[in-house]
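Sequential numbering of the sequence shown, starting at 8, is according to my numbering.
Just so you know, even glycine gets a beta-carbon here, dropped at the ideal spot from N, CA and C.
Bear in mind the structure is a predicted one, so any value in this text is a computation, not a measurement.
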Amino acid sequence: MSFWDQLDPAYSVVLCDIWGVVHDGVNLYPKSAERLCEWRSQGRKVILITNAPRTADAVEAQLGRIGLPSDCWDGIATSGEAGIAAITALAHPTGFLGTAQDRTILEDHGLRFLADGFTDIAVTGLDGERLKIADYQEQLEALARADVLFHCFNPDRVVVRGGVTEPCAGALADVYEGLGGRVEWYGKPHHGIYDYALSLAGNPPRDAVLVVGDALVTDMVGAATQGFDAVFVQGGIHAGEPFPAGFASQYGLGDWSPVAVVDSLR
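This is the structure in C-alpha cells:
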C-alpha cells in the first residue's frame, strides 16, 4: 500500500504541481490522472498550481492535448495569471522575452509590447531559438545597465520535457539579479499564487491543505513558508535524488520537513 492509499482525510485541499508531478511536458505520468480523480472522489478539492507563465485556459488546453481529463481538478492557479495582472496594472507597454506562442497568449489578454525604449520587461522564458542561458548574457547586461525591471513569469529554474532538462525564466532571473538587475517574481514560492489557489478552493484553513510538488526551491520552500504540509515527489526534476538532509537549515525553515517523500503519484 502506497502513502497515497492512506492519505489523511484531514487534507481537504490538495495543491498539486503539474509539470514533473502529473506530466513531463509530453506525456502523463502513469496513474497521475487516476490519482487526481481519486482525490476528488474522496471529497477533496484539487487545485493545480503551476509556475507556467501562461493563463489558466492555456494550461487547460495543454493538459487536454496531453490527455488529462478536465474532471481531474477543481481549479488551476498559474504564475502567468499573476504576472498578467501586474503588467496590466502598469498601464504602459513593456518589453518581452519568451516564445512567440507565449507572446501571442499575453497579447490576446491585452498586454502590449515594445521592441526598445521600455522600463519593464515581461519574461516568460527562453525564446525558443537561443537554448542556453549563456546566450542571453549580453542582452541581460544591457537591460541591467538600463535599470529595466525584470518581471519573471516563471520562477522555475528548469523543467524536464520528455526526459530532457530545459532552463526556465527563473534561471534568467538569477543571472539578472547577479548583474545587479531588479526582479519581480510571480508564482511559487511567493505568496500571491497561493492566495489565489486558496481562493479557488474556498479559503480553507492552512492545516487542511497538502502541497504536492517536485521542486525544492519553489514547491517545498513555498509550502514551508506558507505554513502548509507537503509531499516531495522525487521522480520529477530532481530525478530520484533523496530529499536533502540540510534543506530546512539552508532556507531558514526551522525543523520543517515534508510529511512524505514519494517517487510519483502512483
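| Asked | Found |
| --- | --- |
| Rounded to whole angstroms, how far is the Cβ of A237 from the Cβ of V266, which I believe are closer than 8 Å? | 7 Å |
| In terms of alpha-carbon separation, which member of S256, H245, G247 lies closest to A231? | S256 |
| Can you tell me which of the three DSSP states R168 falls into? | strand |
| Could you spell out where the alpha helix (DSSP H) holding L186 opens and where it closes? | Note, L186: premise wrong, no alpha helix (DSSP H); not H, not E. |
| Using beta-carbon positions only, say whether S271 and G242 come within less than 8 Å of one another. | yes |
| Measuring CA to CA, which of W80, A153, A178 is closest to G102? | A153 |
| Any chance you could list the beta strand (DSSP E) runs of at least 3 consecutive residues sitting entirely within the region 80-117, in chain order? | 82-85, 102-104 |
| In chain order, what are the residue ranges of uninterrupted beta strand (DSSP E) at least 3 long that sit wholly in the region 27-61? | 52-57 |
| Among W26, S19, V155, which has the Cα closest to the Cα of V166? | W26 |
| At a cut of 8 Å, does the region 89-104 reach the region 47-56 through at least three beta carbon pairs? | no |
| Of all Cβ atoms in chain C, is any one closer than 8 Å to the Cβ of G105? | Structure shown: chain C not included; a single protein chain is present. |
| For V219, report the span of its beta strand (DSSP E) as first-last. | 216-220 |
| Going by Cα to Cα distance, which pick from V219, Q233, L156 is closest to G188? | L156 |
| What does P282 pair with, by DSSP beta-bridge criteria? | Nothing about residue 282 can be read from this structure; the chain reaches only from 8 to 273. |
| Looking at the secondary structure, which residues open and close the alpha helix (DSSP H) in which A68 lies? | 63-73 |
| Short of 8 Å in beta carbon distance, which residues of its chain neighbour L260, apart from the five on each side in sequence? Order them along the chain. | V228, A231, T232, F254 |
| Give every residue of the same chain whose Cβ lies closer than 8 Å to the Cβ of D12, excluding the five residues on either side of it in the sequence, and list them in chain order. | none |
| Any contact of the region 164-182 with the region 202-216, i.e. 3+ C-beta pairs under 8 Å? | no |
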